[in-house]
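Protein chains in written order, with this note's numbering: chain A, 75 to 233; chain B, 75 to 233.
Beta carbons are placed, not taken as given, at the ideal position from N, Cα and C, and that holds for glycine.
A quick note: this is a predicted structure, and the numbers were derived from the prediction, not measured.
Heads up: the structure comes next, in structure tokens.
Protein chains: 2
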Amino acid sequence: MQPTIPLAKFLPYQLSITSNAVSGRIAQEYRARFGLSVPEWRVMAVLGDSGALTQRELTKRTLMDKVAVNRACKVLEERGLAARTPNAQDGRSHHLDLTEAGQAMHGQIMPLALEMERRLFEGFTPEELGQFRALLDKVRGQLEDFDDDGIETDNYGVK
Amino acid sequence: MQPTIPLAKFLPYQLSITSNAVSGRIAQEYRARFGLSVPEWRVMAVLGDSGALTQRELTKRTLMDKVAVNRACKVLEERGLAARTPNAQDGRSHHLDLTEAGQAMHGQIMPLALEMERRLFEGFTPEELGQFRALLDKVRGQLEDFDDDGIETDNYGVK
DNA sequence: GAAGTATAATTGGAATTGAAACCATTTCTA
DNA sequence: TAGAAATGGTTTCAATTCCAATTATACTTC
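Below, the structure written as structure tokens:
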């Protein structure tokens, strides 16, 4: 019988529940205050930061699914927070940018984001913060070269 | 105009994309090898670790929704990996436990889990690992007393 | 011990998500 | 430069997830 590790000690599990708890808490805040979903919020954050972008660029920068980006953009446009203008270089896409109202909301949103980040990590020393960032980066780095030189096991007849 | 932080620097965002990447990779592995979803895997891990439990106890230990637990249990039972026996103390619930087959699979699954954990963190020193655990715990700790003594902002007419 | 309240499990339906198909335009290549 | 392949965006459909209502049993209290 192998050493059977309790779920609570399994690091990917801890990572998952922590992330879910944080995301949930933040999502709740954005929804309550601005009626924005997380994808919508992310798009606004990026647009406010970089100016007009195509959806393609938005998917790249937010690491979200292109469908999610598309839907978020549609909602933002309907709410008058973002607007599309034709892309002269490529007729398939548009440039998306925040409207006046969108910029105004962005001006409210970012301080809230920073404030939440601050409160979330207020017990942390600057060193710990740096470590945390670095460790997250490192995990993502490991994932790159994680691929299927894998462990072979009986697959229990699953196709 | 406030200092508008790029999304990529926002720590909750980094946490989220890292966790999603890790979870996705692991989920893929369990599905491919055992045909198990993450909830199903978690239930098996806990049952294999602690022996028979009610769904109530499972929800507590996995931090999952009770519906998710219920459905995971149903699937495991249908596949003959877990079985329910009546709970003498409480007629509303059952005790769930792994069957022989379930234990056999558990014996395959846990080494895979540990191997993935190992590979995911193989670049890490023991100190870094300890830090990472501690930091995740600390974040969850902060979340407890995060509540609504909050920042007041215009809510843009959202109810 | 009957009535009301609480709790474990389950079910049904609504919202969210993601994969694949699809359309329009652009880029490549012969 | 015509035809083929690729790409940005959108839509559709199926799976998953999440919430609210339901059922059955247990607990409380009068």
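Check: Residue burial classification, glutamate 218 of chain B (beta-carbon count within 10 angstroms, cutoff 16); Outcome: exposed
Check: Every unbroken beta strand (DSSP E) within the region 130-187 of chain B, with a cutoff of 3 residues, ordered by chain; Outcome: 156-160, 168-172
Check: Cβ-based neighbour list, alanine 146 of chain A, same chain, cut-off 6 Å, excluding 5 preceding and 5 following; Outcome: Pro113, Glu114, Val117
Check: Proximity to glutamine 129 of chain B [Cα-Cα], best of B:Phe206, B:Asp123, B:Lys140; Outcome: B:Lys140
Check: Arginine 116 of chain B at chain A interface by Cβ criterion, 9 Å; Outcome: yes
Check: Cβ pair leucine 170 of chain A, histidine 180 of chain A closer than 9 Å; Outcome: no
Check: According to DSSP, residues forming a beta bridge with leucine 127 of chain A; Outcome: A:Leu170
Check: Chain B within 9 Å of glycine 197 of chain A, Cβ atoms only; Outcome: yes
Check: Beta carbon of valine 96 of chain A nearer than 9 Å to that of leucine 89 of chain B; Outcome: yes
Check: Contacting residues, own chain, Cβ-Cβ under 8 Å from glycine 125 of chain B (five flanking each side not counted); Outcome: Asp171
Check: 8 Å contact criterion, which leucine 155 of chain B and alanine 175 of chain B should meet: CB distance rounded; Outcome: 6 Å
Check: Helix, strand or coil at isoleucine 225 of chain B according to DSSP, with G and I counted as helix; Outcome: Caution applies to isoleucine 225 of chain B, whose pLDDT of 40 falls short of 50 and renders its modelled position unreliable; the value that the coordinates give is listed next. Of the three classes helix, strand and coil, the one that applies to isoleucine 225 of chain B here is coil, per DSSP.
Check: Backbone CA spacing between methionine 190 of chain A and isoleucine 183 of chain A [nearest angstrom]; Outcome: 11 Å
Check: Residues in the region 140-158 of chain A having any Cβ partner in chain B nearer than 7 Å; Outcome: none
Check: Length of the line joining the Cα atoms of tyrosine 104 of chain A and serine 111 of chain A; Outcome: 7 Å
Check: First through last residue of the alpha helix (DSSP H) which encompasses glycine 98 of chain B; Outcome: 85-108
Check: Whole-number beta carbon distance between threonine 92 of chain A and leucine 210 of chain B, since they are thought to touch under 8 Å; Outcome: 5 Å
Check: Nearest neighbour of glutamine 163 of chain B, chosen from B:Asp123, B:Leu127, B:Thr133, B:Val149 [CA to CA]; Outcome: B:Leu127
Check: Range covered by the alpha helix (DSSP H) that runs through glutamate 201 of chain B; Outcome: 200-218
Check: Proximity test, Cβ basis, 9 Å: lysine 212 of chain B and chain A; Outcome: yes
Check: Nearest-angstrom beta carbon gap, valine 143 of chain B and threonine 133 of chain B [assumed within contact, 8 Å]; Outcome: 5 Å
Check: For phenylalanine 84 of chain A and methionine 138 of chain B, the rounded distance between their alpha carbons; Outcome: 16 Å
Check: Residue of A:Lys148, A:Leu203, A:Pro86, A:Glu152 minimising C-alpha distance to glycine 101 of chain B; Outcome: Inspection of the sequence shows that residue 101 of chain B is occupied by alanine rather than by glycine. With distances taken between Cα atoms, alanine 101 of chain B lies closest to A:Pro86.
Check: Minimum Cβ-Cβ distance from threonine 173 of chain A to chain B less than 9 Å; Outcome: no
Check: CB of glutamate 202 of chain B within 9 Å of CB of lysine 212 of chain A, strictly; Outcome: yes
Check: Chain-ordered chain B contacts of glutamine 163 of chain A [CB-CB under 9 Å]; Outcome: Result: empty, since nearest Cβ-Cβ is about 24 Å, beyond 9 Å.
Check: Other residues of its chain near proline 29 of chain A: CB distance less than 7 Å, five sequence neighbours each side excluded; Outcome: Not covered by the structure: residue 29 of chain A. The range shown for chain A is 75 to 233.
Check: Per-residue DSSP class, three states only, for proline 80 of chain B; Outcome: coil
Check: Helix, strand or coil at glycine 197 of chain B according to DSSP, with G and I counted as helix; Outcome: coil
Check: Spatial distance of glycine 165 of chain A from glycine 98 of chain B (CA atoms); Outcome: 35 Å
Check: Local Cβ density within 10 Å of glycine 122 of chain A, reported as buried at 16 or more and exposed below that; Outcome: buried
Check: Inter-residue Cα distance where the pair is phenylalanine 206 of chain A and arginine 153 of chain A; Outcome: 36 Å
Check: Pick from A:Arg193, A:Ala208, A:Gly197 that is closest to phenylalanine 195 of chain B, judged by C-alpha positions; Outcome: A:Ala208
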